[in-house]
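Asker: Residue numbers (the numbering used here): 32 to 324.
Where is the CB? At the ideal position from N, CA and C, for every residue including glycine.
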Amino acid sequence: MTTKAIEWLDNKLRILDQSKLPHRQIFIDLSDYQDVVSAIKTMQIRGAPTIGVAAAYGIALGAQKIAAENKDRFFDEFGKILEAFATSRPTAANLFRAIDRMKKAARGNDVSEIKRTLIDEAKQIHHEEIEATTQLSQLGAELIKDGFTILTHCNAGPLATAGYGTALGVIKAANEQGKRISVIATETRPLLQGARLTAWELKQADIPVTLITDSMAGYFMSQGKINCVIVGADRIAANGDIANKIGTYTLAVLAKENNIPFYVACPTSTIDPSLSSGAEIPIEERSPEEVTH
32 MTTKAIEWLD NKLRILDQSK LPHRQIFIDL SDYQDVVSAI KTMQIRGAPT IGVAAAYGIA
92 LGAQKIAAEN KDRFFDEFGK ILEAFATSRP TAANLFRAID RMKKAARGND VSEIKRTLID
152 EAKQIHHEEI EATTQLSQLG AELIKDGFTI LTHCNAGPLA TAGYGTALGV IKAANEQGKR
212 ISVIATETRP LLQGARLTAW ELKQADIPVT LITDSMAGYF MSQGKINCVI VGADRIAANG
272 DIANKIGTYT LAVLAKENNI PFYVACPTST IDPSLSSGAE IPIEERSPEE VTH
């Protein structure tokens with residue numbers, strides 16, 4: 032789990048193209064903010080915290096390319112960059128929190144100072160995600176007992192968080208504490224984040240993992256093969272409702288029916304107190320071709 036999903040290098044954003052995993056590890060250097068927007072839309076970059084960090088760096092990247100030295104003209108162009116990221120993915124709270132922070136950070140005596148401040152803020156956002164996911168993983172590991180088999184859905188490891196991981200971070204921390212654990216990972220159709228990414232990350236960490244089809248989860252629970260379920264989240268409303276990968280609700284209902292603890296692991300950057308309930312969370316509907324092709 033040491034492969035970095037995202038990294039700021041020499042005023043460029045280097046990403047690991049997650050759409051190519053697990054068969055190929057391809058790193059791409061992005062030097063234009065529009066390329067970062069595209070990478071988010073096409074899920075070369077994915078996972079709520081990673082999307083937020085990528086957007087922060089992408090905004091900083093775009094600001095560096097603005098030629099205007101007049102602050103008013105600079106902010107005209109800067110606003111267009113913010114809007115491009117705001118329309119890239121609708122659900123991840125981390126994205127909009129990062130946009131808001133970068134907008135507020137755009138202060139300085141002149142354009143050059145503003146550009147430097149934006150890079151510093153993006154780096155700070157990234158650092159905070161690393162710290163938050165590391166701490167939550169240590170805390171969450173206390174819920175995992177020796178000998179547990181844990182079910183997880185989609186992918187919530189370092190790839191998705193630009194840090195230590197959330198759901199997989201908890202699992203990794205429990206493993207590092209010497210607990211003998213194993214993981215059941217759902218395929219997570221249609222883009223197979225569980226099969227392609229979660230299984231790969233767990234293999235990298237030498238944590239035993241069994242891959243199952245999404246429809247097998249209920250059977251495994253009914254047979255007493257699951258001790259707990261841990262998932263990540265894209266957004267959490269003020270009342271505690273969560274939005275995560277499609278299929279998460281099904282797993283929560285099955286876990287309740289089978290008296291299995293169900294945990295959601297996420298940093299506070301995923302919480303959106305402006306939404307009173309999950310009914311207000313915008314849910315992304317992607318292309319039908321992701322199912323048919």
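(1) Should Asp-60 go down as buried or exposed, given a rule of 16 or more other Cβ atoms within 10 Å for buried?
(2) Extract the residue ranges of the beta strand (DSSP E) inside the stretch 137 to 180, only unbroken runs of 3 or more that lie entirely within it.
(3) Where do the N-terminal and C-terminal ends of the beta strand (DSSP E) with Tyr-294 fall, by residue?
(4) Whole angstroms are fine: how far does the CA of Ala-124 sit from the CA of Gly-263?
(5) With three or more C-beta pairs closer than 8 Å as the rule, is the stretch 204 to 214 touching the stretch 100 to 110?
(6) Would you mind working out which of Ala-269, Thr-122, Ile-257 sits nearest Ile-277, comparing C-alpha positions?
(7) Going by the beta-carbon positions, is the gap between Val-322 and Ala-286 smaller than 8 Å?
(8) Could you check whether Val-68 and Phe-116 sit closer than 8 Å to each other, using their CB atoms as the reference points?
(9) Quick one, which of Pro-304, Gly-178, Leu-52 has its alpha-carbon nearest Ile-76's?
(10) Mark Glu-144 as exposed unless 16 or more other C-beta atoms lie within 10 angstroms of its C-beta, in which case mark it buried.
(11) Helix, strand or coil: how does DSSP classify Ser-60 here?
(12) Determine the direct distance from the alpha carbon of His-184 to that of Phe-127, and round the result to whole angstroms.
(13) Determine the extent of the beta strand (DSSP E) in which Glu-38 is found, giving its start and end residues.
(14) Under the three-state reduction of DSSP, which class applies to Ile-267: helix, strand or coil?
(15) If you follow the beta strand (DSSP E) that Ala-79 is part of, which residue opens it and which one closes it?
(16) State yes or no: is the C-beta of Tyr-88 within less than 8 Å of the C-beta of Gly-171?
(17) Looking at Gln-56 and Thr-4, is the spacing between their C-beta atoms short of 8 Å?
(18) Please say whether Ser-168 and Val-142 have beta carbons closer to each other than 8 Å?
(19) For the beta strand (DSSP E) that contains Leu-113, what are its first and last residues?
(20) From Leu-40, Arg-147, Ser-300, Leu-190, pick the residue whose C-alpha is nearest to that of Leu-47; which is it?
(21) Distance, Cα to Cα, Thr-198 vs Pro-298?
(22) Tell me the DSSP secondary structure of Arg-220 in three-state form.
(23) Comparing C-alpha positions only, which one of Ala-137, Ile-314, Thr-219 sits nearest to Leu-242?
(24) For Tyr-195, does the count of other Cβ atoms within 10 angstroms reach 16, so buried, or fall short, so exposed?
(25) Determine, using beta carbons only, whether Gln-95 and Asn-42 come nearer to each other than 8 Å.
(26) Using 8 Å as the cut-off, can you tell me whether the stretch 304 to 312 makes contact with the stretch 265 to 281, which would need three or more C-beta pairs spanning the two stretches below that distance?
(27) Could you pull out every residue in the same chain whose Cβ sits closer than 7 Å to the Cβ of Thr-279, ignoring the five residues on either side in sequence?
Answerer: Working from what's here:
(1) For the purposes of this step, residue 60 is taken as residue 29 along the sequence shown, with counting starting at 1. Taking all protein chains in view, the Cβ of Asp-60 is surrounded by fewer than 16 other Cβ atoms within 10 Å, so the residue is classified as exposed.
(2) Taking only runs of at least 3 residues, no beta strand (DSSP E) segment lies wholly in the stretch 137 to 180.
(3) By one-based count along the sequence shown, residue 294 stands at place 263. 293 to 295 is the extent of the beta strand (DSSP E) around Tyr-294.
(4) Counting from one through the sequence shown, the residue named residue 263 turns up at place 232. Counting from one through the sequence shown, the residue named residue 124 turns up at place 93. Between Gly-263 and Ala-124, the C-alpha separation is close to 13 Å.
(5) no
(6) Taking the first residue of the sequence shown as 1, we reach residue 277 at position 246. Of Ala-269, Thr-122, Ile-257, the residue nearest in Cα terms is Thr-122.
(7) For this step, residue 322 is matched to residue 291 along the sequence shown. For this step, residue 286 is matched to residue 255 along the sequence shown. No, the Cβ-Cβ distance between Val-322 and Ala-286 is not below 8 Å.
(8) Counting from 1 along the sequence shown, the entry for residue 116 is found at position 85. Counting from 1 along the sequence shown, the entry for residue 68 is found at position 37. Going by C-beta atoms, Phe-116 is nearer than 8 Å to Val-68.
(9) Taking the sequence shown and counting its residues from 1, the one referred to as residue 76 is at position 45. For the residues Pro-304, Gly-178, Leu-52, the minimum Cα distance to Ile-76 belongs to Leu-52.
(10) For the purposes of this step, residue 144 is taken as residue 113 along the sequence shown, with counting starting at 1. Exposed, by the Cβ-count rule.
(11) Position 29 of the sequence shown, counting from 1, holds the residue named residue 60. At residue 60 the sequence reads Asp, which differs from the Ser that was named. Three-state DSSP puts Asp-60 in a strand.
(12) The sequence position of residue 127 within the sequence shown is 96, counting from 1. The sequence position of residue 184 within the sequence shown is 153, counting from 1. Linking Phe-127 to His-184 through their CA atoms gives a straight-line distance of about 24 Å.
(13) In the sequence shown, counting from the first residue as 1, residue 38 sits at position 7. 37 to 40 is the extent of the beta strand (DSSP E) around Glu-38.
(14) For the purposes of this step, residue 267 is taken as residue 236 along the sequence shown, with counting starting at 1. Residue state, collapsed to three classes: strand.
(15) For the purposes of this step, residue 79 is identified with residue 48 of the sequence shown, where counting begins at 1. Taken as a continuous stretch (DSSP letters only), Ala-79 belongs to no beta strand (DSSP E), being part of the alpha helix (DSSP H) at 79 to 95.
(16) Locating residue 88 in the sequence shown gives position 57, where the first residue counts as 1. Locating residue 171 in the sequence shown gives position 140, where the first residue counts as 1. No, Cβ-Cβ distance for Tyr-88 and Gly-171 is not below 8 Å.
(17) Lying before the first or after the last residue shown, residue 4 is absent from the chain, which here runs from 32 to 324.
(18) The residue labelled residue 142 in the question sits at position 111 within the sequence shown. The residue labelled residue 168 in the question sits at position 137 within the sequence shown. Result no, Cβ atoms of Val-142 and Ser-168 do not sit closer than 8 Å.
(19) Along the sequence shown, one-based indexing puts residue 113 at 82. Looking at the DSSP string, Leu-113 is not in any beta strand (DSSP E); the run it does join, the alpha helix (DSSP H), is 102 to 117.
(20) Residue numbering aside, residue 47 sits at position 16 when the sequence shown is read from its first letter. The option with the nearest alpha carbon to Leu-47 is Leu-190.
(21) Locating residue 198 in the sequence shown gives position 167, where the first residue counts as 1. Locating residue 298 in the sequence shown gives position 267, where the first residue counts as 1. Note that residue 198 corresponds to Ala in the displayed sequence, not to Thr. Cα-Cα distance, rounded: 11 Å.
(22) Taking the sequence shown and counting its residues from 1, one reaches residue 220 at position 189. Coil, per DSSP.
(23) On the sequence shown, position 211 is the one that residue 242 refers to. With respect to the C-alpha of Leu-242, the residue from Ala-137, Ile-314, Thr-219 having the closest C-alpha is Thr-219.
(24) Along the sequence shown, read from residue 1 onward, the residue named residue 195 stands at position 164. By the 10 Å Cβ count, Tyr-195 comes out buried.
(25) Here residue 95 is taken as the residue at index 64 of the sequence shown, counted from 1. Here residue 42 is taken as the residue at index 11 of the sequence shown, counted from 1. In this structure, Asn-42 lies closer than 8 Å to Gln-95 by Cβ.
(26) yes
(27) Along the sequence shown, one-based indexing puts residue 279 at 248. Excluding positions up to five away in sequence, the list reads His-184, Val-262.
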